[in-house]
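Residue numbering for the sequence shown follows our numbering, starting at 1 and increasing by one per position.
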Amino acid sequence: MAWASEFYRHVGKSVITMQREVYGFVANRLQEAIWREALHMVAEGEATVEQVDLAITDGPGLRWPIFGPVMTIHLAGGQGGMAQYLDSFAATLQAPYTRMAAPELSAELRAILVRGAEDEAAGRSIDDLVEERDKRIIAVRRAVGR
1 MAWASEFYRH
11 VGKSVITMQR
21 EVYGFVANRL
31 QEAIWREALH
41 MVAEGEATVE
51 QVDLAITDGP
61 GLRWPIFGPV
71 MTIHLAGGQG
81 GMAQYLDSFA
91 ATLQAPYTRM
101 AAPELSAELR
111 AILVRGAEDE
121 AAGRSIDDLV
131 EERDKRIIAV
141 RRAVGR
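Put into structure tokens, the structure is as follows:
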């Protein structure tokens, strides 16, 4: 593990060593929570595939390269920070904003997701999209000093 950690640090990546063993990577687990909510929203007709992607890329996706979700909420609390946020909005944690269990991946939902992703790709190949993504990630990391 030490070798892998050093390798990733050497190539400019952040290394997260967990306090205890858990299934999966931290970032993948957090991404999975967003993914499950996105599936529900598309399945229930609350948002399109494009709207889900736009909500993230023009919302938290702009903030998260600078501050992660915890610091984003800390700032949302104003001058009182996280404490003020929790005092003001703790009750909303019980509100039905999310549905963490995965929805049934019906043939209809699968078709909507596949069609929506293909529409967004607009004829670009996976290789082209990966190249575009990687170039933009490098640019964002440079812009935020990482």
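Heads up, the beta-carbon is just placed ideally off N, CA and C, and yes, glycines get one too. Owing to the predicted nature of the structure, the values given are computational and were not obtained by experimental measurement.
Residue span of the alpha helix (DSSP H) that contains residue i, given as start and end
i      : result
Met18  : Premise fails: Met18 is in no alpha helix (DSSP H) and is neither H nor E.
Ala102 : Taken as a continuous stretch (DSSP letters only), Ala102 belongs to no alpha helix (DSSP H), as it is neither H nor E.
Glu46  : Segment: none, Glu46 is in no alpha helix (DSSP H) and carries neither H nor E.
Val130 : Ile126 to Ala143
Check whether residue i and residue j have beta carbons under 9 Å apart
i      : j      : result
Ile34  : Ile56  : yes
Glu50  : Gly116 : yes
Leu39  : Pro103 : yes
Phe67  : Leu54  : no
Pro69  : Leu93  : no
Arg124 : Glu132 : yes
Gly81  : Ser88  : no
Val144 : Pro60  : no
Tyr23  : Ser14  : no
Ala121 : Leu129 : yes
Nearest to residue i (by Cα), restricted to the options the options
i      : options                        : result
Ile137 : Ala122, Gly12 and Glu118       : Gly12
Leu109 : Glu120, Val42, Gly61 and Gly78 : Val42
Thr48  : Ala90, Leu113 and Ser125       : Leu113
Met100 : Leu86, Ser106, Glu32 and Tyr85 : Glu32
Three-state secondary structure (DSSP) of residue i
i      : result
Trp64  : coil
Met1   : coil
Asp155 : Residue numbering for the chain in the displayed model covers 1 to 146; residue 155 lies beyond these limits and cannot be assessed.
Arg88  : Looking at the sequence shown, residue 88 is not Arg but Ser. Helix at Ser88.
Pro69  : helix
Ala111 : helix
Tyr8   : helix
Gly80  : helix
Ala33  : helix
Val26  : helix
Ala38  : helix
Ala121 : helix
Buried or exposed by the 16-neighbour rule on C-beta atoms within 10 Å, applied to residue i
i     : result
Val52 : buried
Cutoff 9 Å: residue i Cβ touching any chain D Cβ
i      : result
Ser125 : Included in the structure is just one protein chain, with no chain D present.
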